[in-house]
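Remarks on the structure that follows.
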Ligand code: 5CA
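In this note's numbering, the protein residues as written are 1 to 136.
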């Protein structure tokens, strides 16, 4: 785990602090699919296509509000980790993350990140890998 006083709240902030490619940053985005919170792990270089997440989840999705993010994961926006959530949350993972040898994800705080092999991230999060980005 690495902590950066300048903050790692956004993917760009995190990449700048770490000195890595923004594509190696894991965004942990919380959506509500029907009534169930789900997490989409998306490369910092990509924009999530909500229709693709709907296809993967099999339900209509909408962005979760800050309160729902906190209740479902136990963490606040900007620090949501990709696993270790307070409740059982299905996880979907952007296939592009697997192209990197290591990626960096939020470690529960808006100033902390950890490094992980994306295959290991997939295992630990129990993620379903899918094409989630806009324009792929
Ligand atoms: N620590 C960084 C890099 S690991 C991080 O957590 N990035 S993130 O992308 O996973 O988290 C920020 C994301 O939270 C934004 O991309 C945005 O999709 C979402 N977000 C920001 N503000 C809100 C809000 N008010 N309501 C719902 N979602 C929000």
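Glycine is no exception: its CB is placed at the ideal position from the N, C-alpha and C atoms.
Cβ-Cβ separation between residue 128 and residue 83: approximately 13 Å, too far for a contact (criterion under 8 Å). The stretch 58 to 125 is shown to contain whole beta strand (DSSP E) runs of 3 or more residues at 61 to 63, 91 to 94, 103 to 106, 112 to 116, in chain order.
Taking C-beta separations shorter than 7 Å and ignoring five residues to either side along the sequence, the partners of residue 6 in its chain run 17, following chain order. Below 8 Å, too few C-beta pairs join the stretch 47 to 57 and the stretch 66 to 84 to call them touching: fewer than three.
Here residue 132 carries a coil assignment [DSSP, helix/strand/coil]. Burial is judged here by how many other beta carbons sit within 10 angstroms of a residue's own beta carbon; residue 111 has at least 16 and is buried. Under DSSP, residue 25 takes part in a beta bridge, and its partners are 104.
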